[in-house]
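Reviewing the structure listed below.
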Amino acid sequence: MKIYYLFIYTLIFTSCSSNLSPNLSFSSEVPDTWSSPLPKQESFTGKWWEVFSDTLFNQFFNEFVDSNPDLLSISQQVESSNLLAKINGATRSPNVSVAAGGSSRLQNLSAFGFSLSSLGIGGGGSDSSSTDQVVSFTSDNYNTALAMQWEIDVWGKLRNQRKAAYKNFEATTNELAYLRFSLSTQFATSYYTAVESEMQFRLAEEITASLKGVRDVVSERYGRGLTSSLDLRLAEASLANSKLQLVDRSIQKNRSLRALESLLGKYPSATIQVSKNLPNDIPPITAGIPSDLVKRRPDVIAAVNKIEAASYEHAQSQRNLFPSFSLTASGGTSASELKDVLNGDYSVWNLGANISAPIFQGRRLRNNVLLKEKQFNLAEIDALRIMIRAFSEVEQALFIQHEIIAQRDAVKTAEEQAKAAYDLAFDRYQKGLVDLVTVLNSQNQWRNSQSVKISIQNLHVNSYTSLLLALGGKF
Numbered sequence: 091m092k093i094y095y096l097f098i099y100t101l102i103f104t105s106c107s108s109n110l111s112p113n114l115s116f117s118s119e120v121p122d123t124w125s126s127p128l129p130k131q132e133s134f135t136g137k138w139w140e141v142f143s144d145t146l147f148n149q150f151f152n153e154f155v156d157s158n159p160d161l162l163s164i165s166q167q168v169e170s171s172n173l174l175a176k177i178n179g180a181t182r183s184p185n186v187s188v189a190a191g192g193s194s195r196l197q198n199l200s201a202f203g204f205s206l207s208s209l210g211i212g213g214g215g216s217d218s219s220s221t222d223q224v225v226s227f228t229s230d231n232y233n234t235a236l237a238m239q240w241e242i243d244v245w246g247k248l249r250n251q252r253k254a255a256y257k258n259f260e261a262t263t264n265e266l267a268y269l270r271f272s273l274s275t276q277f278a279t280s281y282y283t284a285v286e287s288e289m290q291f292r293l294a295e296e297i298t299a300s301l302k303g304v305r306d307v308v309s310e311r312y313g314r315g316l317t318s319s320l321d322l323r324l325a326e327a328s329l330a331n332s333k334l335q336l337v338d339r340s341i342q343k344n345r346s347l348r349a350l351e352s353l354l355g356k357y358p359s360a361t362i363q364v365s366k367n368l369p370n371d372i373p374p375i376t377a378g379i380p381s382d383l384v385k386r387r388p389d390v391i392a393a394v395n396k397i398e399a400a401s402y403e404h405a406q407s408q409r410n411l412f413p414s415f416s417l418t419a420s421g422g423t424s425a426s427e428l429k430d431v432l433n434g435d436y437s438v439w440n441l442g443a444n445i446s447a448p449i450f451q452g453r454r455l456r457n458n459v460l461l462k463e464k465q466f467n468l469a470e471i472d473a474l475r476i477m478i479r480a481f482s483e484v485e486q487a488l489f490i491q492h493e494i495i496a497q498r499d500a501v502k503t504a505e506e507q508a509k510a511a512y513d514l515a516f517d518r519y520q521k522g523l524v525d526l527v528t529v530l531n532s533q534n535q536w537r538n539s540q541s542v543k544i545s546i547q548n549l550h551v552n553s554y555t556s557l558l559l560a561l562g563g564k565f
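In my numbering, the protein residues as written are 91 to 565.
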């Protein structure tokens, strides 16, 4: 049965109730199987990094998870996103506040034309220059109040706002989960790159020691007059070139070790001790069917979460055009004496209901509806782009893994044959049956095949982590 993106989305996410419906139709059909052949065994479950059976790597990996600043930052971002979702989703709840206060005021009646003289109080005598006294008085007030305001969600505006907030939180959480997984696989890649560099350096040391042995044999034969100076010069040149290669391998080793130490938050001294060998027996991964990718890759799930959030935000923007209803209530006490502020006889209260409707706002609300619709369409486009990229990454990772396995089998045969050829050539050279060039060429082929074998081992590790990341891992 052919599966379309729209069918996948409808099957998995059916709880989003809003005015806009996602339309993730794709120009071509999603196949039932991946293009490259899949391993027949089940994927390794649980802690994926333990598939390498490397105790030292497990130790460093746990240290990386506990101390890497990027991973610690992700944890804080998840918590911050959760708090933001709670803040944005709290609008459906009533606002309740409590207050207490006291005041003292001095007032006068001069504005009303009252004075002591006009009231026949004071101001007697014949001194007409005396100024009339102003009537004034003081008043005290002490009060307590418990107030509540609640917007009644008649149209579902606040409900959609709350759902949008939590869908945005889910999207952020899934994006950060995938980022965390990506950083973890990158650490595995960096670690085994350092292991490969160590192995290549040791191989370069072996090559230098081997060529020194060849040079000594040639020098001894030259001293006995059994070979020409040409052979001696070739042997010396090969030894010198191997020393150059040894220096280059040393630089690569130190660079990779310092990079690893930096990831672990250590001083980059290039002194960290890594595993001696690369993993050999890595269990295969079952990739499942392409449609499963929508269910298991956090970044794809996040893209769909964003579509749902945009849909709820669009629904909210439409409901902003409707009237709003709210209830207000307050109760408390009000007294002129502080001692009476807790006396129930001085109680006061107020109840009210409000309705407000937008009439003219310069088309701000209607333009906001159009904006949310465009953002919804953009979320659909982004989701489609992420899905296509995810399918491409899995197909490429499967193809690379399949080819690396074929390379691994071929290089194993090449190494065995090159080693046998070198042993035979060196034995015949000592007997005078072949020249030194044959010995050096056969040794070069043997050592190159050893180096390629190490590189392919590391590529196999990298392809495993790349495929695991492309499939979304196990969360």
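Backbone N, C-alpha and C fix where the C-beta goes; we use that ideal spot for every residue, glycine too.
None of these values were measured; they are calculated from a predicted model.
Cut-off 7 Å between Cβ atoms - residues of its own chain near residue i, not counting five sequence neighbours on either side
| i | result |
| --- | --- |
| GLY308 | A quick correction: the sequence has Val, not Gly, at residue 308. Cβ within range, chain order: THR317, ASP321, LEU322, ALA325 and LEU526. |
| PRO448 | LEU411 and LEU455 |
| SER218 | Confidence at SER218 is low in this model, with a pLDDT of 41, below 50, so the placement of that residue should be treated as unreliable; the coordinate-derived value is given next. There are no such residues. |
| SER340 | PHE291 |
| ARG348 | PRO358 and ALA360 |
| VAL524 | ALA515 and ARG518 |
| THR283 | SER346 and ASN548 |
| GLY563 | TRP138 and PHE271 |
| SER424 | ASN231, ASN233, TYR436 and VAL438 |
| SER365 | ASP144, LEU146, PHE147 and VAL285 |
Collapsed DSSP secondary structure at residue i in the structure displayed
| i | result |
| --- | --- |
| PHE77 | As shown, the chain starts at 91 and ends at 565. That puts residue 77 outside it, with no answer to give. |
| ILE449 | coil |
| TYR71 | Outside the displayed range of the chain (91 to 565) lies residue 71, so it cannot be described from this structure. |
| SER187 | strand |
| GLN149 | helix |
| GLN166 | helix |
| GLY303 | helix |
| GLY179 | coil |
| LEU368 | coil |
| VAL431 | coil |
| LYS385 | helix |
| ASP567 | In this structure the chain extends from 91 to 565, so residue 567 is not present and cannot be described. |
| LEU523 | coil |
| PRO373 | coil |
| ARG345 | helix |
| SER328 | helix |
Other residues of its chain near residue i: CB distance less than 6 Å, five sequence neighbours each side excluded
| i | result |
| --- | --- |
| VAL459 | SER407 and GLN408 |
| GLN491 | SER553 and LEU557 |
| ALA175 | ALA255, TYR256 and PHE259 |
| SER118 | Any answer about SER118 is weak, because its pLDDT of 48 lies below 50 and its placement is not dependable; what the coordinates show is given next. No residues qualify anywhere along the chain. |
| THR418 | GLN239 and GLY442 |
| ASP160 | LEU273 |
| GLU483 | ALA560 |
| VAL186 | MET238 |
| SER420 | ALA235, ALA237 and ASN440 |
| THR585 | Because residue 585 is not part of the residues shown, which for the chain are 91 to 565, the question remains open. |
| LYS543 | VAL501 and GLU505 |
| ILE445 | PRO413 and PHE415 |
Residue i: first and last residue of the uninterrupted beta strand (DSSP E) it sits in
| i | result |
| --- | --- |
| THR228 | 226-242 |
| LEU316 | No beta strand (DSSP E) holds LEU316; DSSP gives it neither H nor E. |
| ALA480 | Where ALA480 is concerned, there is no enclosing beta strand (DSSP E), although the alpha helix (DSSP H) it sits in stretches over 454-520. |
Residue span of the alpha helix (DSSP H) that contains residue i, given as start and end
| i | result |
| --- | --- |
| LEU561 | 526-561 |
| GLN406 | 388-409 |
Spatial neighbours of residue i in its chain, beta-carbon cut-off 8 Å, leaving aside the 5 residues before and after
| i | result |
| --- | --- |
| ILE372 | VAL141, PHE142, HIS550, VAL551 and TYR554 |
| THR228 | SER194, ARG195, LEU196 and GLN197 |
| VAL426 | The sequence shown places Ser at residue 426, rather than the Val named in the question. Same-chain partners within the cutoff: SER229, ASP230, ASN231 and TYR232. |
| GLY246 | ALA405 and ARG409 |
Per DSSP, cross-strand counterpart(s) of residue i
| i | result |
| --- | --- |
| TRP439 | GLY421 |
| GLN363 | Answer is none; GLN363 lacks a bridge partner. |
| GLN335 | DSSP lists no partner for GLN335. |
| ARG195 | SER229 |
| PHE415 | ILE242 and ILE445 |
ask   = Is it a yes or a no for the stretch 503-511 touching the stretch 467-474, going by three-plus beta-carbon pairs under 8 Å?
value = Contact fails: fewer than three Cβ-Cβ distances are below 8 Å.
query = Looking at C-beta atoms only, is the number of pairs between the stretch 292-311 and the stretch 527-535 that lie closer than 8 Å three or more?
reply = yes
ask   = Would you call the stretch 177-184 and the stretch 237-246 touching, i.e. three or more CB-CB distances under 8 Å?
value = yes
ask   = Are there three or more Cβ pairs, one per stretch, closer than 8 Å when the stretch 254-273 is compared with the stretch 155-171?
value = yes
query = Would you call the stretch 429-441 and the stretch 395-405 touching, i.e. three or more CB-CB distances under 8 Å?
reply = Because the criterion of three Cβ pairs below 8 Å is not met, the stretch 429-441 and the stretch 395-405 do not touch.
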